[in-house]
Amino acid sequence: MNKLNLKWILPLLFLFLAISPIGAIAQENAAEAATEVVAQTNMMDTIQHLSDGQKYYRAIHIMAMLLLGFGFLMVFVRKYGRSAITATFLLVSVSIPAYILLMNSGIFGTEKVSEIDGLILSEFAAASLLITAGAVLGRLKMWQYILLGVLFIPAYMLNEYIMLGDGFGLVQSGSFIDVGGSIVIHAFGAIFGIGVAISMTTKDEFNTEIEADFTSDRFSLLGSMILWVFWPSFCAALVPLAEVAHTAINVILALSGATIITYLFTTWLRGKIDAADIANASLAGGVAIGSVCNTASPAEAIVIGLVAGAISTMGFALVQSRLEKGLKLIDTCGVSNLHGIPGLFGGLAALVVIPNINVSAQLTGIGLTIGIAIIAGLVSGKILSFTGKRKTPYVDNEEFGVDD
Amino acid sequence: MNKLNLKWILPLLFLFLAISPIGAIAQENAAEAATEVVAQTNMMDTIQHLSDGQKYYRAIHIMAMLLLGFGFLMVFVRKYGRSAITATFLLVSVSIPAYILLMNSGIFGTEKVSEIDGLILSEFAAASLLITAGAVLGRLKMWQYILLGVLFIPAYMLNEYIMLGDGFGLVQSGSFIDVGGSIVIHAFGAIFGIGVAISMTTKDEFNTEIEADFTSDRFSLLGSMILWVFWPSFCAALVPLAEVAHTAINVILALSGATIITYLFTTWLRGKIDAADIANASLAGGVAIGSVCNTASPAEAIVIGLVAGAISTMGFALVQSRLEKGLKLIDTCGVSNLHGIPGLFGGLAALVVIPNINVSAQLTGIGLTIGIAIIAGLVSGKILSFTGKRKTPYVDNEEFGVDD
Amino acid sequence: MNKLNLKWILPLLFLFLAISPIGAIAQENAAEAATEVVAQTNMMDTIQHLSDGQKYYRAIHIMAMLLLGFGFLMVFVRKYGRSAITATFLLVSVSIPAYILLMNSGIFGTEKVSEIDGLILSEFAAASLLITAGAVLGRLKMWQYILLGVLFIPAYMLNEYIMLGDGFGLVQSGSFIDVGGSIVIHAFGAIFGIGVAISMTTKDEFNTEIEADFTSDRFSLLGSMILWVFWPSFCAALVPLAEVAHTAINVILALSGATIITYLFTTWLRGKIDAADIANASLAGGVAIGSVCNTASPAEAIVIGLVAGAISTMGFALVQSRLEKGLKLIDTCGVSNLHGIPGLFGGLAALVVIPNINVSAQLTGIGLTIGIAIIAGLVSGKILSFTGKRKTPYVDNEEFGVDD
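Protein chains in written order, with my numbering: chain W, 295 to 698; chain P, 295 to 698; chain B, 295 to 698.
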């Protein structure tokens, strides 16, 4: 019953926000936008619109990554495919409106961004949330994913505000280098997820195997490829127009390096190729190139990709099972190996790649991100575990009206 | 034999058109375009090309929706996957050239549009046709989908001409508000499809269950996500450059609202989550926001999405089986619940959202669309039923060279 | 052991290149690009960036074709899905960096292209390589796909240099018409692949059936649709901004024509519909329109598509088995029917479509491409066969850690 109430609170919250002052602010913005359109009489405006218009396509590419990419990557759990996709739908549908409404409320900084930049920032938040969800995939009830989103977004926005918006004066504005989000998106999401997993994992879950099969692997590789294809747009989403092509090439080179080394390492470490390694660790190049995606040289991009792919594959093949026993947690999708370690590596790589980087700001930023993520994750996991547990993890049929 | 002749008429028709005066007009346009390229010497031209160039990407996004989105959404029928995809291929491949050729013929109005606008308009027609086909999916022979396309396109263009091109002076030009096609694309396609289904449904079809399974559900959810991701480009395809971002955000908010409410309603109404509800009703927000996608405020967009998702889920869970018995028809994909009712709701929502809307023109437009669609659908269904029936509905192996 | 060494040579080669003078050149380019950004103060620069920015999206569309399109089209082999996807990942990840590094080395011509043009050219090379790989799919060990890429790229670049870069003065610069790559991408890749297959095919392979099933067919049709959707961006990738829309419409009309005729011919020639014919021959229109995609009229585009689809379907249904016995080779994906013959047809169609074409240059170019491709393919196949053979073709579990 308590749960039922929780379920109904969310749409009511939406309705409330829709008619509240926050909604009204958004409406004013819309009115301003409409006025601007009428006033658009000179060429500079048109060129600005053309430039913003191009960002729109990067925003759509990121949306493809969120729903199709993350969603299908998580379909590798054989009997949990419908649930993984539905959860992805819900996580995106909660986090993007929540981010936009909170942003318009001005709680985290007052800097105004354009509509399209706001959309892209909300998608970044959704990406980070999906990473968090990957850590506990299959072990939440469906409505708990929604609750996870509601708990996650404010914490994410607080961290983003400190790192990039000069929040509380902790990290000097413009000093923390993380254009493509290795730290604020990937590492934050992964560490938050580990925090949730620590608070939540039960003994039963240790005894339940996570099964993949022939077809779930193909769906998972589909999701992986979609992430690979559109990753350049993720990293280049907010870089200046003139840097888009260079950024894209760097991202592609990093992903290529990671993909090749993943194949070599999975064969070397396991004797045979592991499809999950290919689907996941190949993407570590994209994670790690994030911080320096627009400033690295092509040669640096390849090397970052090779290193990231290698450490990610080692994480999946060697570290994961030990880490899980040591920390008493299950990380369903291995997000610590794909987003956690490679993300931190990417943030640190900036110290080598960027000349005259503010070392102290970069290290402070990384440290604070880890701290905020782990604390917020542990607290969120505790709250989630108070609201009940699934009977059987990793199966659709506990909640879906099917029996296969 | 009669059927064989029909099959061969279509490519001959193509060949005829290719060498006919209609083709020649198209060729002239091409020549003009080529001359324009040569003459392009000043910056205003370049900026126009840049703006048109951005429309191109929205056109490609719509194509992804047509083939991948609608195509795979319809793969939910377990044993009919190859057929659903092949039918989608054929419906798109017939309707786009047919629309372009008829448009160039000038039968429906003489207004000239740019090449890229023509392509987008033809894709809108194809979308509407795919909705119609969804109503009778699995119950046409493969070549009958082609015939359906040939019957559908002129009716669609007649309706479009009346609503948006001042055809016969029935609806004052510019007064009917339907930027993203809630009425002229979605409702028209759904009602046309209901008309076809009424004329065609047999008793045998009532006794044949439409089976889904584990894997067909995952494919269907893939199609659904592709539609969700690219829906902003569908609605924003023809809006002015400066309104693209605002339109996109509205569409995303409407889809988010519909997705969340669909989860809540499917759980509430059925006790368990229904994968088909998630795959379909989540998209009702995109259907309903169409008419006012560029003018609504974000708050209005969320509310429209919530309402649309709710009524669509109620349609699937409560109304469909009664409607089918009452009207003696099977609506295979439930297009009345996804495109019909939410489309009409979207068109009516414009009466609330748009200040100083021409109420009479809006209501006249909606009424005429319903009338034209149902009559043309009934007639088309009659014609289709004269050309023969499948032996067994919903199976690939009646027409494909396979036996699984 | 020998093989193990080979495997490790590749990443070392990457590392070497990354720190070598070639890498340094790339780095200089990056520095120049960064300086340009700073210097970008006037509007003409911005407009150039906007135009290049639009090319970026076509480059991403092509990447979707390479990984998702070609990758999933090849998943039709039932038990080889994970391998086909992994091979696609590796082929792309080797060929794009290799092309970019060799291009920056200046071995094949010294003409400088922009970063984004360089990326697109490298993707064209990857597409051609994937076509080659389709001919021997399932019969290489995983690391041999990497070796195939290393052997292929220099041969491809040599041919490209002769056809389009005035290499050795063999084909007059600008005289050879092949905007969308019917000859230099599709026919070259197919014929190279036939060459490899001739050198490699064993008797055992003739006795092993290539099995598809219900689900592998659906994945393959997914890949096919992705190729169809983004094909306009492939052909229009490097055409002037003002010709993009016209080119896109031509490609869509050609694909539509091919799709319809494929359905008619597969039914006519086989009695029933063959899913592989639909997935493959429908794309022949895109292959064949390549050479004249920006210059053909819409009517010509439809006719080219109809003819290409017809000959491709006849190839799959009638010619393939005879050709394989005659030439003692297995062409796993039938690339000769999809890319070989339709590609050559497209190159020849330019003789009819383009007024005042340099007939001799066009025929010389086609002839030289055939010659270079077959010789380089035969040699590469010989080299590959020296490095060992798989035990069982077309199965994942020889190399993957799974047993289904």
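Glycine included, every Cβ here is placed at the ideal spot set by N, Cα and C.
Quick caveat, the model's predicted, so the values are computed rather than measured.
- Within chain B, partners of P687 (chain P) - CB distance below 8 Å: Ordered by position in chain B, no residue passes the 8 Å Cβ test against P687 (chain P), which lies about 17 Å from the chain.
- Item | Distance between beta carbons of G517 (chain B) and I365 (chain B), contact taken as under 8 Å | In the sequence as presented, Ile is not what sits at residue 365 (chain B); that position holds Gly. The pair is a contact, with the Cβ atoms about 6 Å apart (cut-off 8 Å).
- Consider the Cβ of H343 (chain W): report whether some Cβ of chain B lies at a distance smaller than 7 Å. no
- Item | Rounded C-alpha distance that separates V696 (chain W) from V545 (chain P) | 31 Å
- If we call anything under 7 Å between Cβ atoms a contact, is A655 (chain B) one with V465 (chain B)? yes
- Listed from N- to C-terminal order along the chain, which residues in the segment 516-533 of chain B have their beta-carbon within a distance smaller than 9 Å of any beta-carbon of chain P? L516, S518, M519, I520, W522, V523, F524, P526, S527 and A530
- Contact set between the segment 422-450 of chain P and chain B, restricted to residues whose Cβ is under 9 Å from the partner: M436, W437 and I440
- So S345 (chain B) is in the alpha helix (DSSP H); what residue range does that whole segment cover? M337 to A358
- Task: Pick out whichever of P:I425, P:S674, P:I390 and P:A381 has its Cα sitting closest to the Cα of L577 (chain P).
- Result: P:I425
- Message: Within a Cβ cutoff of 6 Å, which residues of the same chain sit near E693 (chain B), ignoring the five residues on either side of it in sequence?
- Response: M436
- Roughly how many angstroms separate the alpha carbons of L623 (chain P) and N631 (chain P), rounded to a whole number? 14 Å
- Message: Can you pull the chain B neighbours of V538 (chain W), defined as C-beta to C-beta under 9 Å?
- Response: H343, D346, G347, Y350 and I410
- Query: Would a C-beta distance cut-off of 7 Å place N341 (chain P) and T556 (chain W) closer than the cut-off?
  - Reply: Sequence check: residue 341 (chain P) is Ile here, not Asn. Contact flag unset, no.
- Query: So the alpha helix (DSSP H) F524 (chain B) belongs to, where does it begin and stop?
  - Reply: F508 to A530
- Name the chain P residues whose beta carbon is nearer than 8 Å to that of L361 (chain W)? M519, W522 and V523
- Task: At 4 residues or longer, and completely inside the segment 596-640 of chain P: list those alpha helix (DSSP H) runs for me, N to C.
- Result: 614-621
- Query: When DSSP labels each residue in this structure, what does L577 (chain P) get in the three-state scheme?
  - Reply: coil
- Task: Return the chain-ordered ranges of every beta strand (DSSP E) run that is complete within the segment 386-443 of chain P and spans a minimum of 3 residues.
- Result: none
- Message: Using a 10 Å radius around the Cβ and a threshold of 16 neighbouring Cβ atoms, would you call K406 (chain B) buried or exposed?
- Response: exposed
- Message: Does chain B have any CB closer than 7 Å to the CB of K676 (chain W)?
- Response: no
- Task: Compare the Cα-Cα distances from P592 (chain P) to each of P:L385, P:A539, P:K349 and P:M608 and report the closest residue.
- Result: P:A539
- Message: Could you compute how far the alpha carbon of I488 (chain W) sits from the alpha carbon of I477 (chain W)?
- Response: 15 Å
- Item | L672 (chain P) versus G620 (chain B) - alpha carbon distance | 55 Å
- Query: Where does F383 (chain P) fall in DSSP's three states?
  - Reply: helix
- Bounding residues of the alpha helix (DSSP H) (the contiguous stretch that carries I479 (chain P)): Where I479 (chain P) is concerned, there is no enclosing alpha helix (DSSP H), given that its DSSP letter is neither H nor E.
- Any Cβ of chain B within less than 7 Å of the Cβ of I379 (chain P)? yes
- Could you pull out every residue in the same chain whose Cβ sits closer than 6 Å to the Cβ of H480 (chain W), ignoring the five residues on either side in sequence? V581, H633 and G637
- Fully enclosed by the segment 530-565 of chain B, which alpha helix (DSSP H) runs are 4 residues long or longer? 538-564
- Limits of the unbroken alpha helix (DSSP H) element including S679 (chain P): V653 to F680
- Beta carbon proximity, R512 (chain P) to chain W, threshold 7 Å: yes
- Message: Quick check: the Cα distance between Y393 (chain W) and R564 (chain P), rounded to an integer number of angstroms?
- Response: 31 Å
- Query: Between the C-alpha atoms of A699 (chain P) and C529 (chain B), what's the straight-line distance to the nearest angstrom?
  - Reply: Here chain P has residues from 295 to 698 only, and residue 699 (chain P) is not among them.
- Item | Under 7 Å between C-beta atoms of A644 (chain W) and V586 (chain W) | yes
- Task: Pull up the DSSP beta-bridge partners for F694 (chain B), would you.
- Result: W:I567
- Message: Checking 7 Å against the spacing of the C-beta atoms, do I447 (chain W) and S387 (chain W) come in under that value?
- Response: no
- Compare the C-beta of I555 (chain W) against all C-beta atoms of chain P and say whether one is closer than 7 Å. no
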